[in-house]
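Engineer: In our numbering, the protein residues as written are 2 to 203.
Don't be surprised by glycine CBs; every beta carbon is placed ideally from N, CA and C.
Before I ask anything, let me first share the structure, which is written out below as structure tokens.
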Amino acid sequence: MTDALCFALDGVLVQRTRSDAEILRDVFAAHGVDPTDELLATARDSFRRAFEGLEPEPYRQSMAAAVAAADSGADPDAMVATLREETYAGTAVPEAARESLAGLADDSALAVITDGPREWQVGKLDYHGLSDRFDAVVASYDAGAHTPDTAPFERLGERLPAEEYVMVGDSEAVAGARAAGFVPIEYAREGPDLWATIDALL
């Protein structure tokens, strides 16, 4: 029996139904900012720098950079609120995932290890009604490093002691998991059905 079964959030538990570009364009337009390709690039580059550096409020930094570049009077905080709403609405949870999580919880402790600010990432679980499915959630901002660094996995071990850990995620997540001593299960969207595979293995 698996003692702790851990999942990446984005792209595994929660799937995108809209692209970043689509969402950003809608957010800019909603706040009177012309959604040009140049401004999208500015927002993305600002976010990437802040996110990779684990700087506070990377989404606000992104919106503020776009507002400044556009010489707009838009409110970056209001734009972040819209971005959050649109981002959450542009995701979905496969029904197979919900069914599997309900069954897996009977035999294993369940956890999420995810890259991003805790409030933003936990908000996705709340939005989809999944928060009560998990015994622990570790965000990379909690641990001071993004995957594939081992820090998020070590933090999970502190919060949720277990004899064995399994990590389901993309290549970077499972690389960090493997280095931390977790059993890795790599998920590829074009591969075999993830939830059927997990049900069969566990």
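Assign ALA9 to one of two classes, buried (16 or more other C-beta atoms within 10 Å of its C-beta) or exposed (fewer than that).
Structural biologist: It is buried - the Cβ of ALA9 has at least 16 other Cβ atoms within 10 Å.
Engineer: Taking the alpha carbon of ALA189 as the reference point, which residue from GLY104, GLU100 and VAL175 has its own alpha carbon closest?
Structural biologist: Ranking the options by Cα distance to ALA189, first place goes to VAL175.
Engineer: Taking DSSP's pairing of strands, which residues face ALA5 in a bridge?
Structural biologist: ALA110 and TYR166.
Engineer: For ALA69, is the classification buried or exposed, using 16 other Cβ atoms within 10 angstroms of its Cβ as the cut-off for buried?
Structural biologist: With fewer than 16 other Cβ atoms within 10 Å, it is exposed.
Engineer: Rounded to the nearest angstrom, what separates ARG45 and MET64 at their Cα positions?
Structural biologist: When rounded, the distance between both Cα atoms is 9 Å.
Engineer: For VAL169, count the other beta carbons within 10 Å of its own beta carbon; 16 or more makes it buried, fewer makes it exposed. Which is it?
Structural biologist: Looking at its Cβ environment, which holds 16 or more other Cβ atoms inside 10 Å, VAL169 is buried.
Engineer: Looking at C-beta atoms only, is the number of pairs between the stretch 143-161 and the stretch 66-85 that lie closer than 8 Å three or more?
Structural biologist: Flag = no, the stretch 143-161 and the stretch 66-85 do not touch.
Engineer: Taking 8 Å as the cut-off, decide whether the C-beta atoms of VAL139 and PRO153 are in contact.
Structural biologist: Yes. Within cutoff.
Engineer: If I follow the unbroken alpha helix (DSSP H) through PRO77, where does it start and stop?
Structural biologist: It spans 77-90 - the alpha helix (DSSP H) in which PRO77 sits, taken as one unbroken run.
Engineer: Could you compute how far the alpha carbon of LEU105 sits from the alpha carbon of ASP4?
Structural biologist: Distance between the alpha carbons of LEU105 and ASP4: 11 Å.
Engineer: Assuming ARG61 and ASP78 make a contact with CB atoms under 8 Å, what is their CB distance in whole Å?
Structural biologist: About 7 Å; that satisfies the 8 Å criterion.
Engineer: Take the Cβ of THR18 as the centre, count every other Cβ of all protein chains shown within 10 Å, and call the residue buried at 16 or more, exposed below.
Structural biologist: Per the 10 Å Cβ criterion, exposed.
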